[in-house]
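Convert by adding 114 to the 1-based position in the sequence shown; the result is the number in my numbering. By construction, the Cβ of each residue, glycine as well, lies at the ideal position given by its N, Cα and C atoms. Let me begin by presenting the structure, written as structure tokens, before commenting on it.
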Amino acid sequence: MIEENLYQELVEIRHYLHAHPEISEKEVETTKFIRQKLADWQIEIMDSQLKTGLVAKIGSGKSIIALRADIDALPILEETGLEFSSVNKGAMHACGHDLHMTSLLGAAKILKEKESQFSGTIKIIFQPAEEIGEGSKEVLKTGLVSDVQAFIGYHNMPTLSAGVIGLREGGVMAAVERFEILIRGQGSHAAYPQEGQDLILASAAIVQNLQQIVSRNISPLRAAVVSVTHIEAGNTWNVLPNNARLEGTIRTFDNEVRSLTKRRFSQIIEATAKAYDVELEIKWLMEADLTFNDFELTDVIRKRTEQWHDKVVYPEPSSAGEDFANYQKQAPSVFAFIGSNEQGASGLHFADMVVQDETLKVAVDYYLESAHQLLEHFK
Numbered sequence: 115m116i117e118e119n120l121y122q123e124l125v126e127i128r129h130y131l132h133a134h135p136e137i138s139e140k141e142v143e144t145t146k147f148i149r150q151k152l153a154d155w156q157i158e159i160m161d162s163q164l165k166t167g168l169v170a171k172i173g174s175g176k177s178i179i180a181l182r183a184d185i186d187a188l189p190i191l192e193e194t195g196l197e198f199s200s201v202n203k204g205a206m207h208a209c210g211h212d213l214h215m216t217s218l219l220g221a222a223k224i225l226k227e228k229e230s231q232f233s234g235t236i237k238i239i240f241q242p243a244e245e246i247g248e249g250s251k252e253v254l255k256t257g258l259v260s261d262v263q264a265f266i267g268y269h270n271m272p273t274l275s276a277g278v279i280g281l282r283e284g285g286v287m288a289a290v291e292r293f294e295i296l297i298r299g300q301g302s303h304a305a306y307p308q309e310g311q312d313l314i315l316a317s318a319a320i321v322q323n324l325q326q327i328v329s330r331n332i333s334p335l336r337a338a339v340v341s342v343t344h345i346e347a348g349n350t351w352n353v354l355p356n357n358a359r360l361e362g363t364i365r366t367f368d369n370e371v372r373s374l375t376k377r378r379f380s381q382i383i384e385a386t387a388k389a390y391d392v393e394l395e396i397k398w399l400m401e402a403d404l405t406f407n408d409f410e411l412t413d414v415i416r417k418r419t420e421q422w423h424d425k426v427v428y429p430e431p432s433s434a435g436e437d438f439a440n441y442q443k444q445a446p447s448v449f450a451f452i453g454s455n456e457q458g459a460s461g462l463h464f465a466d467m468v469v470q471d472e473t474l475k476v477a478v479d480y481y482l483e484s485a486h487q488l489l490e491h492f493k
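Shown next, in the form of structure tokens:
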């Protein structure tokens, strides 16, 4: 357990960070703040070309693991009413990244103070731009973590009771695709639809037909989501438009289902477009891999966690995405959920989402205990 004076310091840090959020790739002041704290605690900051975010290092030795937290906020107008609400209008830590980076700062301070008591190297990643799926790629490009043998991370869950730790092996957060469908055809006066193609009707058919993928192609024992979330077409009441645009997302939890879903997605859209005699283009605007917990390391971490914590659960996977998945292409990793409020509370990305301060205690200990266990594991 962290000492009370450090806990109070971390509460103040989190409140400051929560009040000063910065969106993806704009985390300039946030990075300066973190950098100054690490410098005050005499923690080595590694040189890199990162515009925002940083990688630090504690300890030395052949065993090398990494602890990661994300630092960006969302373009959301805060509605929590907290005394430390965002002062940057239109930006909010509505995903709890203020909690993530504060708990990692706390863990880093303790690890530095006890540096002589462990053997091995711990790299500390304060990662930018998680919300747009690019930050982990930028960190990996630096080469600073190319020697890491395992990565540890977590995401807070405001719908779980504060302090509960969720650990499961395999798929824990979904693979994510963001798609855009552009439909083109000859518009016409609404009174003479036979003189063109009805892109409104074609769009509606595409939306409806896409819902057959999960219900008729995916086993009910496996999971997938296909959602069309944005439609644009036309600008007046009596003209059928020349263009239509649809956006949405696909979420899956294993590579076989992911491949099948994307294949059927393209087939259905192309067949529907042909049936309605319209032209179309499919664009994949973002693709994030499945966040997958290594079976062996998850078992190691779970056993260690159950020794020091009495609130460990086996959670359902989340259909949200996480660019932590990119680290897992390099090394086996474990990504936990940590409860940060209570059942019935507003979830991630809501304007009134609230994180309980007490979550900091468990989150810091999760980083510390997991780091020590993995260093021992890789000796």
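Can you tell me which of the three DSSP states residue i falls into?
| i | result |
| --- | --- |
| H207 | coil |
| A222 | helix |
| D212 | helix |
| E490 | helix |
| L188 | strand |
| N440 | helix |
| H134 | coil |
| L313 | helix |
| T235 | strand |
| K417 | helix |
| S432 | strand |
| F464 | coil |
| L399 | strand |
| A243 | coil |
| I332 | coil |
| I116 | coil |
Could you check the C-alpha separation between residue i and residue j for me, to the nearest Å?
| i | j | result |
| --- | --- | --- |
| Q122 | N407 | 32 Å |
| S460 | F451 | 16 Å |
| A180 | E370 | 29 Å |
| P334 | D184 | 34 Å |
| A222 | G195 | 31 Å |
| E126 | L213 | 11 Å |
| Y441 | S250 | 7 Å |
| S432 | S302 | 44 Å |
| G167 | E244 | 11 Å |
| T419 | V321 | 45 Å |
| Y480 | M115 | 10 Å |
| V478 | E361 | 39 Å |
| S177 | V340 | 42 Å |
| E291 | D466 | 27 Å |
| L354 | P307 | 7 Å |
| W398 | R377 | 13 Å |
| Y428 | T412 | 11 Å |
| L482 | L488 | 10 Å |
| V426 | G348 | 52 Å |
| E346 | S380 | 20 Å |
| F409 | V259 | 22 Å |
Is the CB-CB distance between residue i and residue j below 8 Å?
| i | j | result |
| --- | --- | --- |
| L225 | A485 | yes |
| S454 | M215 | no |
| L131 | T144 | yes |
| G277 | V476 | yes |
| N357 | L313 | yes |
| L188 | A170 | no |
| R182 | F293 | no |
| R298 | V392 | yes |
| I148 | F232 | no |
| D424 | G247 | no |
| L404 | G285 | yes |
| L254 | Q444 | yes |
So who's on the other strand from residue i, going by DSSP bridges?
| i | result |
| --- | --- |
| W351 | According to DSSP, which records beta bridges pairwise, W351 is partnered with nothing at all. |
| N455 | S275 |
| R365 | V290 and V339 |
| G195 | DSSP output for G195 lists no bridge partner at all. |
| N407 | G284 |
| S447 | F265 |
| S302 | L354 |
| S174 | G234 |
| Q322 | Bridge partners of Q322: none, in fact. |
| L296 | R359 and E395 |
| V169 | I239 |
| N270 | I452 |
With a threshold of 8 Å on Cβ separation, who are the neighbours of residue i within its own chain once the five nearest residues in sequence on each side are excluded?
| i | result |
| --- | --- |
| K417 | none |
| A389 | A319 |
| V468 | T194, L196, P272, N455, A459 and S460 |
| V529 | A query on residue 529 cannot be resolved here, the shown segment of the chain reaching from 115 to 493 and no further. |
| S275 | K425, G453, N455, E456 and Q457 |
Spatial neighbours of residue i within its chain, please: C-beta separation below 7 Å, excluding the five flanking residues on both sides.
| i | result |
| --- | --- |
| A434 | M287, A288 and L462 |
| F198 | H129, H132 and A133 |
| I157 | A170, I172, A222 and K226 |
Counting only the same chain and skipping the five closest in sequence on each side, list residues whose C-beta sits under 6 Å from that of residue i.
| i | result |
| --- | --- |
| L474 | L124 and S217 |
| E139 | A243 |
| A387 | L394 |
| G220 | L124 and V478 |
Using a beta-carbon distance below 8 Å, is residue i in contact with chain D?
| i | result |
| --- | --- |
| P429 | The chain labelled as chain D is not found in the depicted structure, where only one protein chain is given. |
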